[in-house]
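Participant: My questions all concern the structure below.
In the working numbering, the protein residues as written are 36 to 286.
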């Protein structure tokens with residue numbers, strides 16, 4: 036048993052020649068090793084004619100190692116010796132880290148575990164990480180130019196994952212979209228729609244804002260009115276009369 040005591044594993048019946056000397060060959064039992072030095076073992080002797088011969092083989096329970104492995108550094112953090120078949124709980128005192136990543140737990144055979152039954156082999160627990168998560172949001176950056184129409188979805192991503200800079204969905208009358216920028220005044224990092232980028236920050240929970248940069252439209256319509264004084268009466272100019280009006284386009 037797990038407490039160090041022995042318990043009957045199995046009994047098998049065999050037949051042989053009476054009074055013949057035999058030696059029992061030990062079985063291969065996963066997780067156990069035959070104990071040749073156990074004083075209770077009876078592995079050889081003569082087969083009694085009355086069929087009462089009993090041979091006994093004692094096996095000790097094997098101990099295997101649990102290794103904590105950090106793929107970020109390639110190092111084995113620590114080891115533990117565990118009896119086969121016992122329940123092993125993850126040691127919370129084992130600490131690992133990876134720059135710009137969050138530790139998410141230990142995995143065994145590609146699945147997360149908090150405890151497991153020790154198999155008949157050495158075990159390697161692998162540290163699992165995820166990149167620091169952050170949000171990317173888009174700002175119309177209207178300033179005093181007017182009120183922009185449209186909206187942009189906020190993107191959730193994480194460190195080392197590539198994302199594509201969004202296509203502008205904002206409309207600002209009298210202006211043409213130029214690019215995105217990490218600063219509202221356009222002095223920061225410039226990004227064009229469709230660019231593939233990653234690692235805009237390395238801080239978990241951060242929010243990155245990309246501001247729309249606008250340039251004046253060159254085809255904005257404006258009107259020119261021409262007035263003419265029609266007559267003078269008693270030295271007083273009559274109200275001017277609109278002669279014609281013309282629409283033009285320009286910056």
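Beta carbons are placed, not taken as given, at the ideal position from N, Cα and C, and that holds for glycine. Bear in mind the structure is a predicted one, so any value in this text is a computation, not a measurement.
1) Measure the C-alpha to C-alpha separation of residue 88 and residue 60 and round it to an integer number of angstroms.
2) Starting from the Cα of residue 143, find the closest Cα among 136, 135, 154 and 133 and give me that residue.
3) On a CA-only basis, which of 257, 195, 118 and 216 is nearest residue 228? Give me that one, please.
4) Taking Cβ positions, are residue 111 and residue 93 nearer each other than 8 Å?
5) Compute the distance between the beta-carbons of residue 119 and residue 136, then report whether it is under 8 Å.
6) In its own chain, which residues sit with a C-beta less than 7 Å from the C-beta of residue 237, not counting the 5 before and 5 after it?
7) In the DSSP assignment, find the unbroken beta strand (DSSP E) run with residue 218 in it and report its ends.
8) Grouping DSSP H, G and I as helix and E and B as strand, with all else coil, what is residue 213?
9) Please report the residue range of the beta strand (DSSP E) in which residue 143 lies.
10) Runs of 3 residues minimum, wholly inside the stretch 147-212: which ones carry the beta strand (DSSP E) assignment?
11) From residue 2 to residue 56, what distance separates their C-alpha atoms?
Facilitator: By the coordinates alone:
1) So the alpha carbons of these two residues sit roughly 16 Å apart.
2) The shortest Cα separation from residue 143 among 136, 135, 154 and 133 belongs to 154.
3) 216
4) no
5) no
6) 135, 167 and 194
7) No beta strand (DSSP E) holds residue 218; DSSP gives it neither H nor E.
8) strand
9) 136-143
10) 150-152, 158-166, 168-174 and 190-193
11) As displayed, the chain neither begins before 36 nor continues past 286, which places residue 2 out of reach and without an answer.
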